[in-house]
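Enquirer:
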Amino acid sequence: MTARALLGLAALDLLFLAAGAGLLWFLRGWQSWVELARLAGLAYLAGVASVSSVWVLLLIVGAPFSAGLAVAVPLAVALLGTLGGSVRRRRPPALGTVARRGLLVTALGMAAAGVLLEGLFRSARLSGLQEWDAWSFWIPKAKAIYFFGGLDEQFFTTLPGASYPPLVPVLDAAAFQLMGAPDVVTLHVQFWLLGTGFVWALAGLLSERVPAWILWPFVLLLLVAPRLGGRFAVPEADLLLDYFFVLAAVLLICWILDRERWRLVLGTILLCGMVLTKREGLLLGVLLLAAALFASARQQRATWPALGASAAVVAAVGVPWRVWYVAHDVGGEGPPGGFVPWENLEWLWPSVRRALEVLFDTGYWSLIVPVAVGALILAALTRAADLLVAFFGTLLVLVALGGIWATWAFSKPWETGELGGNFVIRYTGAAALLCVAATPLLLGAVWQTRAAGAGEHAARRPLALATAIVLVPLLAYPLATLTGGWPRFPTRSECVRVATADADDLEVVYGHFDSPVSAEKLLAELTRTGFVGTELRPDECGRWKVSYHAIASLAEGRALAAQARRAGFDAHVGRGG
Amino acid sequence: MTGRLSRWTELHSGRGRLGVVLLVAVATLAGALSLPSTMRDLGEAAARNSALSFADREIAGGNALVADQSAVYQARARIPEDGTYHVAVGPGYTGGSELTVPFVESYYRYFLMPRRPAEDAPWIVCYGCDLRQYGPRAKVVWEDDEGIAIVRLRR
Chain A
1 MTARALLGLA
11 ALDLLFLAAG
21 AGLLWFLRGW
31 QSWVELARLA
41 GLAYLAGVAS
51 VSSVWVLLLI
61 VGAPFSAGLA
71 VAVPLAVALL
81 GTLGGSVRRR
91 RPPALGTVAR
101 RGLLVTALGM
111 AAAGVLLEGL
121 FRSARLSGLQ
131 EWDAWSFWIP
141 KAKAIYFFGG
151 LDEQFFTTLP
161 GASYPPLVPV
171 LDAAAFQLMG
181 APDVVTLHVQ
191 FWLLGTGFVW
201 ALAGLLSERV
211 PAWILWPFVL
221 LLLVAPRLGG
231 RFAVPEADLL
241 LDYFFVLAAV
251 LLICWILDRE
261 RWRLVLGTIL
271 LCGMVLTKRE
281 GLLLGVLLLA
291 AALFASARQQ
301 RATWPALGAS
311 AAVVAAVGVP
321 WRVWYVAHDV
331 GGEGPPGGFV
341 PWENLEWLWP
351 SVRRALEVLF
361 DTGYWSLIVP
371 VAVGALILAA
381 LTRAADLLVA
391 FFGTLLVLVA
401 LGGIWATWAF
411 SKPWETGELG
421 GNFVIRYTGA
431 AALLCVAATP
441 LLLGAVWQTR
451 AAGAGEHAAR
461 RPLALATAIV
471 LVPLLAYPLA
481 TLTGGWPRFP
491 TRSECVRVAT
501 ADADDLEVVY
511 GHFDSPVSAE
521 KLLAELTRTG
531 FVGTELRPDE
541 CGRWKVSYHA
551 IASLAEGRAL
561 AAQARRAGFD
571 AHVGRGG
Chain B
1001 MTGRLSRWTE
1011 LHSGRGRLGV
1021 VLLVAVATLA
1031 GALSLPSTMR
1041 DLGEAAARNS
1051 ALSFADREIA
1061 GGNALVADQS
1071 AVYQARARIP
1081 EDGTYHVAVG
1091 PGYTGGSELT
1101 VPFVESYYRY
1111 FLMPRRPAED
1121 APWIVCYGCD
1131 LRQYGPRAKV
1141 VWEDDEGIAI
1151 VRLRR
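Residue numbers (the working numbering), protein chains in the order written: chain A, 1 to 577; chain B, 1001 to 1155.
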């Protein structure tokens, strides 16, 4: 909740960005700073996936997690990427130019998305930890890593979701280290940053192939969808998994289309992040690779060995966690009744209905899914993008089938009273987010217009106008909200209430302490000096308060406080006794 | 076959573009219509979060479970960080909400970390439990009107 915590998070996320930018420098180089700015979101999330995966693997082999390790790993990834780029003789990026086509539409889209993201930040910054799964096991696991320096056996084997991979807890623990405390309120900002990075990454990647007027409406639709943008700041693993999944899907299909190898490598890194984030990551990863194999079947000699290598790397990264939990007698990630629960056959058809109802529920995803289905049909009819249709069509169908299977196999309606419960909604977020990426690509291909070419440079006037379009609302919104007062940074000291009039709950307060030892020391000194009757008790903010309660009036309290100050103690008359 | 397909494609490329415009228009409308209400909701959420007291914000999800905020603060203030504790809920406890009995122990596990839960712990966070079961070793160090007590067991 403090400015220091926000600065700590900023430092951590700059480290992620540096790590990802270093990786991309090694894999593809940076032609220009403009290109780097466009792909900064992708670099950031690649940094999150790679660094967090390394942290997880280090924890599994028993490395103690500390602030030093939290900083050293992203620095090492950034340094290795930079050195690797130098070995490959990458040229320093030029300044670059901004493309003119679609510039004003891009500026409008960025302004609208930026204001929405600012609104999300405002609501996230002082949000309490309300989410059930967050306080039930995600944050306890993170606190266990933070306090005990590793995968503490007691907590990691007994908390709910014990078999869930620990990428998000280790990411949270790193945030706690850099914030200087397990500040679960400010942690919401970390998840907001992940969401912002995803929007940036998606827009940056798709803008290579999609005209701005087709791209930005879908970015906005993503931000206003209640279960997508509306949950950006929720400190759970669902959306991070979906970000990795969707970006990996876009990178893989782009690799199939243009064979730029860096896309496959980066997609593989994101797939590694997926299998270490949630158990559904395994399923989604397999489905993604299956769709890539199917869509590239005609070029199988060129693509299948590379996809096989990618799968092998992902498996190698995913296995150690599975070995760890099996070695610690934790139940597996599979469904309790087996992978094909024949004994629950009567739930199969209701599961189909439930999964499809959730997929097409506009209350969760706005119109994202119906529009995506329309785009798929349109692209299939016009035969404008057979590969895209094959890939996204297959993947969407497979993810939907996965949702049906998971609803059928994991449901415990006798416990929850509802088939699929919350699980099917969480899982379906991956399909909805995939639709956000797929629709502009499909529609862009049908439109058959190249996105803004690198050779088309912006004239100075449109560039200045576009800059104004972006900056004015982005500055105006926070300024407008500041009319209600400066941002607050609440601390425990808000439980210190100085009395200004007579009341029933007056007390003379000598101090508030986090440590009971310090409080007891003061109490002993006060008693020794003659201030008998002083007590020690927790205040309403969870700190120890040294105070005297038998105060009849404000005047009496002020007299006692003055006497205590003359004796060398801090004292004031407060309320709350 | 290929020629027929090509004619079909040409015939439909114009309609395809019309379809693109239609779908983008639908997405734009859906986004634009939701934008004001989304911003309003976000502003209200920000105001609500900002207005929370420190305790309401810190306890957050636990407010529906713990029955009395003082209880979790008392437990955190009294149980040493390297100590162990046990949350005991009496069968007849009727305070709090319907979520209290099944889930209050989970919440304490989250809130009191790095303190560890343990069956044989010297600290008991007692929700309507029968203190007599702990015998003369039990010393109540804090209790409230909701039937919640913090008990220290002497060795």
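From the three backbone atoms N, C-alpha and C, an ideal C-beta is built for every residue, glycine too.
Can you give the Cα-Cα distance for Leu-1153/B and Ser-515/A, rounded to whole angstroms?
Expert: When rounded, the distance between both Cα atoms is 22 Å.
Enquirer: Beta-carbon within less than 7 Å of Arg-1137/B's beta-carbon, same chain only, minus the 5 sequence neighbours each way: which residues are those?
Expert: Hits under 7 Å: Leu-1153, Arg-1154.
Enquirer: Quick one: is Arg-565/A buried, meaning 16 or more other Cβ sit within 10 Å of its Cβ, or exposed?
Expert: Under this definition Arg-565/A is an exposed residue.
Enquirer: For a cutoff of 9 Å on Cβ pairs, would you count Val-509/A as touching chain B?
Expert: Closer than 9 Å: no.
Enquirer: Quick one: which chain A residues come within Cβ less than 8 Å of Gly-1061/B?
Expert: Ordered by position in chain A, the residues that pass the 8 Å Cβ test against Gly-1061/B are Gly-128, Leu-129, Gln-130, Glu-131, Trp-132, Ala-134, Trp-135.
Enquirer: Name, please, each residue of chain B whose Cβ falls closer than 9 Å to the Cβ of Glu-236/A.
Expert: Those within 9 Å of Glu-236/A in chain B number zero; the least Cβ separation is about 12 Å.
Enquirer: So the alpha helix (DSSP H) His-512/A belongs to, where does it begin and stop?
Expert: No alpha helix (DSSP H) holds His-512/A; the beta strand (DSSP E) holding it covers 506 to 513.
Enquirer: List the residues of chain A whose Cβ lies closer than 9 Å to the Cβ of Phe-1097/B, in chain order.
Expert: Residue identity check: residue 1097/B is Ser in the sequence provided, not Phe. What Ser-1097/B touches in chain A: nothing, since even the nearest Cβ is about 14 Å away.
Enquirer: Cα separation between Gly-455/A and Val-436/A?
Expert: Reliability of the predicted coordinates at Gly-455/A is poor, the pLDDT of 45 falling under 50, and the value obtained from them is presented with this limitation in mind. The alpha-carbon atoms of Gly-455/A and Val-436/A are separated by roughly 28 Å.
Enquirer: What ranges does the alpha helix (DSSP H) occupy inside the region 1010 to 1087 of chain B, keeping only unbroken runs of at least 4 residues that lie completely in it?
Expert: As far as the region 1010 to 1087 of chain B is concerned, its whole alpha helix (DSSP H) runs of at least 4 residues are 1054 to 1059, 1069 to 1078.
Enquirer: For Asp-172/A, does the count of other Cβ atoms within 10 angstroms reach 16, so buried, or fall short, so exposed?
Expert: The residue is buried, with at least 16 neighbouring Cβ atoms inside 10 Å.
Enquirer: I'd like the ranges of any alpha helix (DSSP H) spanning at least 4 consecutive residues and lying wholly in the region 356 to 436 of chain A.
Expert: Fully enclosed alpha helix (DSSP H) runs of 4 or longer: 362 to 365, 368 to 382, 386 to 410, 413 to 416.
Enquirer: In terms of alpha-carbon separation, which member of Leu-1065/B, Leu-1023/B, Ile-1150/B, Val-1141/B lies closest to Pro-1102/B?
Expert: Per the Cα distances, Leu-1065/B.
Enquirer: In the DSSP assignment, find the unbroken beta strand (DSSP E) run with Leu-1153/B in it and report its ends.
Expert: Segment 1148 to 1153, the beta strand (DSSP E) holding Leu-1153/B.
Enquirer: If we count Cβ pairs, one from each stretch, closer than 8 Å, do we get three or more for the region 359 to 371 of chain A versus the region 190 to 199 of chain A?
Expert: Too few Cβ pairs lie closer than 8 Å, so no.
Enquirer: Based on Cα-Cα distance, which residue from Gly-337/A, Tyr-548/A, Pro-235/A lies nearest to Tyr-510/A?
Expert: Nearest option by C-alpha distance: Tyr-548/A.
Enquirer: 9 Å is my cut-off, CB to CB: does Lys-143/A come that close to chain B?
Expert: So, interface residue.
Enquirer: Between which residues of its own chain and Ala-372/A is the CB-CB distance below 7 Å, once the five residues before and five after are set aside?
Expert: Cys-435, Ala-438, Thr-439.
Enquirer: Does Asp-1120/B come within less than 9 Å of chain A when only Cβ atoms are used?
Expert: No, Asp-1120/B lies away from the interface with chain A (no Cβ there is under 9 Å from its Cβ).
Enquirer: Based on the DSSP secondary-structure assignment, which residues constitute the bridge partners of Gly-574/A?
Expert: Answer is Val-498/A, Glu-507/A, bridged to Gly-574/A.
Enquirer: Counting contacts by CB-CB distance shorter than 9 Å, is Ala-375/A in contact with chain B?
Expert: At least one chain B Cβ lies under 9 Å of Ala-375/A.
Enquirer: Just list the alpha helix (DSSP H) runs in the region 115 to 178 of chain A, keeping only unbroken ones of 4 residues or longer that don't cross its boundaries, in chain order.
Expert: Counting whole runs of 4 or more residues, the region 115 to 178 of chain A contains the alpha helix (DSSP H) stretches 139 to 148, 153 to 158.
Enquirer: Of all the options Pro-1080/B, Ala-1046/B, Tyr-1073/B, which has the alpha carbon lying nearest to the alpha carbon of Ala-1149/B?
Expert: Comparing Cα positions, the closest option is Tyr-1073/B.
Enquirer: Answer yes or no: does any C-beta atom of chain A fall closer than 9 Å to that of Val-1072/B?
Expert: Yes, its Cβ sits closer than 9 Å to a Cβ of chain A.
Enquirer: At the level of alpha carbons, what is the spacing between Ala-291/A and Phe-392/A?
Expert: Between Ala-291/A and Phe-392/A, the C-alpha separation is close to 8 Å.
Enquirer: Mark Asp-505/A as exposed unless 16 or more other C-beta atoms lie within 10 angstroms of its C-beta, in which case mark it buried.
Expert: Exposed.
Enquirer: Give the interface partners of Arg-492/A over in chain B, defined as CB-CB distance under 8 Å, in chain order.
Expert: Those within 8 Å of Arg-492/A in chain B are Phe-1054.
Enquirer: CA-CA distance, Val-234/A and Glu-131/A?
Expert: Looking at the two C-alpha atoms, the distance is approximately 7 Å.
Enquirer: Taking 8 Å as the threshold, find out whether the region 49 to 57 of chain A comes into contact with the region 201 to 216 of chain A through three or more Cβ pairs.
Expert: Contact fails: fewer than three Cβ-Cβ distances are below 8 Å.
Enquirer: Does Ser-1097/B come out as helix, strand or coil in the three-state DSSP assignment?
Expert: DSSP places Ser-1097/B in coil when its eight states are reduced to three.
Enquirer: Whose Cβ in chain B lies nearer than 8 Å to the Cβ of Ile-269/A?
Expert: Neighbours of Ile-269/A on chain B: none; closest Cβ ~30 Å, over 8 Å.
Enquirer: Please state if the CB of Leu-151/A and the CB of Pro-614/A are separated by a distance shorter than 9 Å.
Expert: Because chain A is modelled from 1 through 577, residue 614/A falls outside the range shown and cannot be assessed.
Enquirer: Thr-1100/B touches chain A at which residues, Cβ-Cβ below 8 Å?
Expert: Correct list: empty, because the minimum Cβ distance to chain A is about 14 Å.
Enquirer: So, does the CB of Pro-112/A fall closer than 9 Å to a CB anywhere in chain B?
Expert: The amino acid occupying residue 112/A in the given sequence is Ala; Pro does not appear at that position. So yes, Ala-112/A belongs to the interface.
Enquirer: Determine, for Pro-974/B, whether the minimum Cβ-Cβ distance to residues of chain A falls below 9 Å.
Expert: Here chain B has residues from 1001 to 1155 only, and residue 974/B is not among them.
Enquirer: Would the region 529 to 538 of chain A and the region 1027 to 1040 of chain B be scored as touching if the rule is three or more Cβ pairs under 8 Å?
Expert: Flag = no, the region 529 to 538 of chain A and the region 1027 to 1040 of chain B do not touch.
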